[in-house]
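Participant:
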Amino acid sequence: MLPSRVALGTMHGKAAVIAPPLSALGIGVVVPEGLDTDRFGTF
Numbered sequence: 177m178l179p180s181r182v183a184l185g186t187m188h189g190k191a192a193v194i195a196p197p198l199s200a201l202g203i204g205v206v207v208p209e210g211l212d213t214d215r216f217g218t219f
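Sequential numbering of the sequence shown, starting at 177, is according to our numbering.
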């Protein structure tokens, strides 16, 4: 059983690339507001 929604901690538009394939599987992507992933550095 797959989840119906996932949270994606990302910035800079990555969700636009990741969401469509997940949507095809019936999974919605939620991007939390105010999450600054840049504070973790670059990787």
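Positions of the beta carbon are idealized from the N, C-alpha and C atoms, including for glycine. All values reported here derive from a predicted model rather than from experimental measurement.
I'd like to know whether the C-beta atoms of Arg181 and Val206 end up nearer to each other than 9 Å.
Facilitator: Translated into positions along the sequence shown, residue 181 becomes position 5. Translated into positions along the sequence shown, residue 206 becomes position 30. A contact, by the Cβ cut-off of 9 Å.
Participant: Pull up the distance between the alpha-carbon of Ala191 and that of Met177, whole angstroms please.
Facilitator: Taking the first residue of the sequence shown as position 1, residue 191 is located at position 15. Taking the first residue of the sequence shown as position 1, residue 177 is located at position 1. Going by the C-alpha atoms only, they are around 22 Å apart.
Participant: Ignore the nearest five residues each way along the sequence and tell me which others in Leu201's own chain have a CB closer than 7 Å to its CB.
Facilitator: Indexing the sequence shown from 1 puts residue 201 at position 25. Hits under 7 Å: Leu178.
Participant: So, under 8 Å CB-CB, Thr213 and Gly189 are touching, yes? Tell me the CB distance rounded to an integer number of Å.
Facilitator: Position 37 of the sequence shown, counted from the start, is the residue given in the question as residue 213. Position 13 of the sequence shown, counted from the start, is the residue given in the question as residue 189. Their Cβ separation, rounded to whole angstroms, is 12 Å, which puts Thr213 and Gly189 out of contact at 8 Å.
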